[in-house]
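With the working numbering, letter number 85 in the sequence shown gets 178, and the count goes up by one each step, no holes. Note that CB positions come from ideal geometry on N, CA and C, so glycine has one too.
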Amino acid sequence: MSLRTAFAFALFAGLSAASFSQAQAADYLATSPAAISPVCQEQGVINRAVAQFDRLVRGVPEMPAVKINAVSNVSATRFDPKTYPSGIERHYCRATAVLSNGENRNMWYMVEKTQGFASMGSNVESCVDGFDKWFVYDGRCRVLR
């Protein structure tokens with residue numbers, strides 16, 4: 094075997110091993126919500142979800158005049174890496190919204206990376222159980238769960 098052939102073989106074997114370990118890491122993250130980065134707990138993300146709820150309550154007729162006073166029990170429910178099933182990285186999250194009328198409701202939200210204005214920043218979509226009057230996210234916020 095020539096030196097050039099041996100070098101090419103060694104290079105190919107090294108690249109194949111590196112690709113295999115990266116694929117395993119991506120698959121592990123997709124199936125284990127506990128291993129997800131804390132995107133769901135970022136204060137900016139929660140603030141955007143609460144602001145979206147405030148706009149909804151003010152803009153939709155016959156909605157109760159309530160606000161979210163606090164958000165607790167924040168957790169990640171799912172992670173879709175950039176390569177699965179589309180080219181958009183998505184973090185799915187769940188929290189408990191404490192409303193100004195004393196009720197606790199499930200709040201579901203999704204963070205899409207690089208989907209903000211002009212593909213800069215992130216997009217946040219949120220839904221609170223019982224407040225999706227027009228079924229934008231299907232019954233009981235199913236699309237974001």
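Limits of the alpha helix (DSSP H) - the one that residue i falls within
i: R151; result: 136-152
Residue from the options with nearest C-alpha to residue i
i: A190; options: E135, T176, S219, F228; result: S219
i: D147; options: M203, S193, L237; result: S193
i: F224; options: E135, E196, Y185; result: E196
i: A142; options: M156, G152, A188; result: A188
Distance between residue j and residue i (C-alpha atoms, nearest Å)
i: R198; j: R235; result: 14 Å
i: A165; j: G180; result: One point to set straight first is that residue 165 is Ser, not Ala, in the sequence displayed. Computed Cα separation, rounded: 31 Å.
i: Y202; j: C186; result: 5 Å
Where residue i sits in the DSSP three-state scheme
i: R235; result: helix
i: V159; result: coil
i: V132; result: helix
i: M213; result: coil
i: F172; result: strand
i: V229; result: coil
Start and end residues, beta strand (DSSP E) containing residue i
i: Y185; result: 183-192
i: E205; result: 197-206
heavy atom of the ligand GDP below 7 Å from residue i C-beta
i: K206; result: Absence of the ligand GDP from the depicted structure is noted, as is the absence of any ligand whatsoever, leaving it without description.
Own chain residues within Cβ distance below 6 Å of residue i, not counting five before or after
i: N162; result: V191, S193
i: G232; result: none
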